[in-house]
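Just so we're aligned: the sequence shown equals residues 1 to 128 in UniProt numbering.
Each residue gets a CB set at the ideal place from its N, CA and C atoms; glycine is no exception.
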Amino acid sequence: SILEHTVQVFQNDKNCRAIHLAAQHDEIDTLQTMLINYSKLGIITEGGSERQYSIYNVLKAIEPCEYIFVHDAARPFVTQGTLSKLYESVQQNHSVIAALKVIDTITRLVTKQPTWTFSRKYKIPIQT
Numbered sequence: 001s002i003l004e005h006t007v008q009v010f011q012n013d014k015n016c017r018a019i020h021l022a023a024q025h026d027e028i029d030t031l032q033t034m035l036i037n038y039s040k041l042g043i044i045t046e047g048g049s050e051r052q053y054s055i056y057n058v059l060k061a062i063e064p065c066e067y068i069f070v071h072d073a074a075r076p077f078v079t080q081g082t083l084s085k086l087y088e089s090v091q092q093n094h095s096v097i098a099a100l101k102v103i104d105t106i107t108r109l110v111t112k113q114p115t116w117t118f119s120r121k122y123k124i125p126i127q128t
């Protein structure tokens, strides 16, 4: 599954000590069974109505730790290289976020007509 693929990336990361998840209440038992063989799996707690509430629920349920990486599991192609760069960077800064270079053309619509094309140089899609 997509979730298992994503969990495996964090499982293999040398700096990751635990993997904690938020899920819908009726999916928690299924996820615990599905992910039983992942030694870094910590708690699976009930998520909230929005992402911020799910993250908050996990933070309330775990012990304080030095760094927390938040991943939405909808982007399963996070790499070990990205995690390593984030880990190195977070040690120097208070917070970090993964981003990609924009390759698509981005335009602004006014009255259903493209009116402005933005420079890719200063746009980045954030990968959470």
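Could you spell out the range, first to last residue, of the alpha helix (DSSP H) harbouring residue i?
i: Val7; result: Ile2 to Asn12
i: Val90; result: Gln80 to Val90
i: Asp29; result: Ile28 to Met34
i: Tyr53; result: Arg51 to Ala61
Pull up the DSSP beta-bridge partners for residue i, would you.
i: Gln127; result: Ala98
i: Leu41; result: Ile19
i: Arg108; result: Trp116
i: Glu46; result: Ala23
Are the Cβ atoms of residue i and residue j separated by less than 8 Å?
i: Ala99; j: Ile68; result: no
i: Thr45; j: Asn37; result: no
i: Val90; j: Val96; result: yes
i: Thr115; j: Thr105; result: no
i: Cys16; j: Lys40; result: yes
i: Ala61; j: Ile43; result: yes
Using a Cβ cut-off of 8 Å (strictly closer), state whether residue i contacts chain C.
i: Ile126; result: The structure shown contains no chain C; it is built from a single protein chain.
Express the C-alpha separation of residue j and residue i in angstroms, rounding to a whole number.
i: Ala73; j: Ile2; result: 7 Å
i: Val70; j: Thr30; result: 22 Å
i: Met6; j: Arg108; result: Inspection of the sequence shows that residue 6 is occupied by Thr rather than by Met. Their Cα atoms are separated by approximately 34 Å.
i: Asn12; j: His94; result: 24 Å
i: Gly47; j: Lys85; result: 28 Å
i: Leu59; j: Gly81; result: 25 Å
i: Glu4; j: Leu35; result: 7 Å
i: Arg75; j: Tyr87; result: 18 Å
i: Phe10; j: Val110; result: 42 Å
i: Thr33; j: Gln92; result: 38 Å
Use the C-beta contact count for residue i: other C-beta atoms within 10 angstroms, 16 or more gives buried, fewer gives exposed.
i: Val78; result: buried
i: Ile19; result: buried
i: Ser119; result: exposed
i: Ser54; result: buried
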